[in-house]
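Peer 1: Numbering that gives the first Met the number 0 applies: residue 0 is where the sequence shown begins, and numbers increase by one. Structure incoming, see below.
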Amino acid sequence: MRRVAREASTFVAEQASELRKTAADTVERLQPKPQRTYEEVIAEYNAAFTLMSDSGLALLRQRERSTDLITLVEALVNSISNTPKAFQTDFDEIDLRKAAFTDAAEFARADVDAARASAAGAGAGITAGAAVASLAPTAAMWVATTFGTASTGTAISTLGGAAATNAALAWLGGGAVAAGGGGTVTGGALLALAGPVGWSIAGATLLASIALFAKKRLETREAKQEALKAVQQNTAVVQGLGAQLDAFLQQTSTLRESLLTAYGDALALFGEDFRELPAGKRSQLGALVNNTKACAALLSQRIEDEPVDE
């Protein structure tokens with residue numbers, strides 16, 4: 000009987016302990032959570048931005064290496080006489096993809112230079128001029144070759160002063176810099192992410208200025224909450240885009256390494272006559288061309304970014 004009583008007492012004690020723990024957890028959940036500060040959410044965004052930007056730059060470098068390797072493969076195949084006409088058809092497609100990539104990259108480089116020159120003129124606003132002055136050509140290049148269209152439709156080099164500056168910011172998705180009013184913070188214009196958001200503009204500087212703007216212009220608790228929510232939403236989107244960039248980078252790197260190995264194995268065929276090659280070597284060349292097509296196709300792979308929810 001005593002053992003039964005002890006067991007019953009232990010059970011009751013355990014149950015009471017569980018109830019106390021559950022009650023404490025409930026109270027903790029019901030208590031208001033401390034308000035996150037602008038500095039915290041901006042630091043979180045900037046960390047996500049930096050990781051995404053690093054991945055974008057790494058992807059650009061891998062793609063540039065891929066274009067160099069594709070050129071070498073094409074030279075090797077062209078050195079072999081009497082190759083099938085299908086090879087030439089494949090390389091016509093490959094050359095188009097390679098040209099589209101290099102054209103987008105060069106457009107970005109040229110227009111950043113033009114925007115910088117225009118921003119230095121008297122017509123550019125201080126904020127926009129400083130933003131454009133901080134543009135990095137390589138950052139603009141990875142954005143242009145990774146996201147959608149690379150042009151506003153009008154070459155910035157044909158514009159001047161503030162028009163060129165605004166065109167550059169619009170092309171890079173930097174509407175948050177030029178726009179005014181609370182909508183800049185609460186709507187899609189803040190880090191708009193319907194375009195690459197001015198990612199090529201120094202991300203930390205842009206966000207710090209937006210935070211200061213928000214502190215001055217948003218007086219109500221509700222408005223400040225919306226501002227914080229907007230930054231947090233964009234942080235989540237940037238993190239998602241960074242994950243996509245990492246996947247692209249892995250895919251591009253893996254395929255390029257495979258193509259490099261295949262190219263090295265086929266170098267001994269330089270200058271040969273395709274008709275005199277054994278069946279195995281012909282198949283080897285066919286596989287090399289197919290791998291080159293796949294590598295070129297990745298050059299035109301784009302991330303479709305989604306607008307931030309209001």
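Think of the CB as a built atom: it goes at the ideal place given N, C-alpha and C, for glycine as much as any other residue. Fair warning: this is a prediction, and the values are worked out from it, not measured in the lab.
Alpha carbon to alpha carbon, how far is Arg-274 from Ala-109? Give it in angstroms, no decimals.
Peer 2: Cα to Cα, the separation comes out at about 46 angstroms.
Peer 1: So Arg-255 and Gln-61 are supposed to be a Cβ contact under 8 angstroms. How far apart are they, rounded?
Peer 2: Contact holds; Cβ gap of about 6 angstroms.
Peer 1: Are Asp-272 and Asn-81 touching if we call contact CB-CB under 8 angstroms?
Peer 2: Yes.
Peer 1: What does the alpha-carbon distance come out to for the pair Leu-71 and Thr-49?
Peer 2: Near 33 angstroms, if we compare the C-alpha coordinates of Thr-49 and Leu-71.
Peer 1: Excluding the 5 residues flanking Val-40 on each side, which residues of the same chain have their C-beta closer than 8 angstroms to its C-beta?
Peer 2: Hits under 8 angstroms: Leu-227, Val-230, Gln-231 and Thr-234.
Peer 1: Measure the C-alpha to C-alpha separation of Arg-74 and Gln-243 and round it to an integer number of angstroms.
Peer 2: Looking at the sequence shown, residue 74 is not Arg but Ala. C-alpha separation (whole angstroms): 33 angstroms.
Peer 1: Answer with buried or exposed for Lys-84, where buried requires no fewer than 16 other C-beta atoms within 10 angstroms of its C-beta.
Peer 2: Flag for Lys-84 reads exposed.
Peer 1: Once DSSP output is grouped into helix, strand and coil, what is the label at Phe-273?
Peer 2: Three-state result, Phe-273: helix.
Peer 1: Helix, strand or coil: how does DSSP classify Ile-79 here?
Peer 2: Here Ile-79 sits in coil by DSSP.
Peer 1: Can we say the stretch 274-291 touches the stretch 95-108, given the rule of at least three CB pairs closer than 8 angstroms?
Peer 2: Judged by Cβ distances under 8 angstroms, the stretch 274-291 makes no contact with the stretch 95-108, as fewer than three pairs qualify.
Peer 1: Closest by CA to Gly-263, which one among Thr-251, Thr-253, Leu-287 and Ala-246?
Peer 2: Closest by alpha carbon: Leu-287.
Peer 1: Considering only the alpha carbon of each residue, which of Ala-261, Glu-225, Pro-277 and Ala-143 lies closest to Ser-52?
Peer 2: Here the closest residue by C-alpha is Ala-143.
Peer 1: Can you round the beta-carbon distance between Thr-145 and Leu-58 to whole angstroms, since I take them to be within the 8 angstroms contact cut?
Peer 2: So it is a contact: roughly 7 angstroms between Cβ atoms.
Peer 1: Just how far apart, CA to CA, sit Ile-79 and Leu-298?
Peer 2: Cα-Cα distance, rounded: 26 angstroms.
Peer 1: When the distance is taken between beta carbons, is Asn-290 closer than 8 angstroms to Ala-267?
Peer 2: No, the Cβ-Cβ distance between Ala-267 and Asn-290 is not below 8 angstroms.
Peer 1: In angstroms with no decimal places, state the Cα-to-Cα distance between Glu-225 and Ala-139.
Peer 2: The alpha-carbon atoms of Glu-225 and Ala-139 are separated by roughly 30 angstroms.
Peer 1: Closest to Ala-265 by C-alpha separation, out of Ala-103, Arg-64 and Asn-77, would be which residue?
Peer 2: For the residues Ala-103, Arg-64 and Asn-77, the minimum Cα distance to Ala-265 belongs to Asn-77.
Peer 1: Pick from Ile-69, Leu-56, Arg-64 and Lys-292: whose alpha carbon is nearest that of Gly-241?
Peer 2: Minimum Cα distance to Gly-241 is reached at Leu-56.
Peer 1: Since Leu-268 is in the alpha helix (DSSP H), which residue starts that stretch and which ends it?
Peer 2: Looking at the DSSP string, Leu-268 is not in any alpha helix (DSSP H), and its letter there is neither H nor E.
Peer 1: What residues in its chain sit with their C-beta under 6 angstroms from that of Gly-270, if we drop five residues either side in the sequence?
Peer 2: Correct list, in chain order: Ser-78.
Peer 1: Can you tell which of Leu-68, Ala-42, Gly-239 and Ser-257 has its C-alpha closest to the C-alpha of Ile-302?
Peer 2: Of the candidates Leu-68, Ala-42, Gly-239 and Ser-257, the one whose C-alpha sits nearest the C-alpha of Ile-302 is Gly-239.
Peer 1: Considering just the uninterrupted stretch of the alpha helix (DSSP H) at Thr-144, what are its terminal residues?
Peer 2: Note, Thr-144: premise wrong, no alpha helix (DSSP H); not H, not E.
Peer 1: Using C-beta distances below 7 angstroms, list every residue in its chain close to Ala-47, excluding the 5 sequence neighbours before and after it, in chain order.
Peer 2: So the qualifying residues of the chain are Thr-234, Val-237, Gln-238 and Gly-241.
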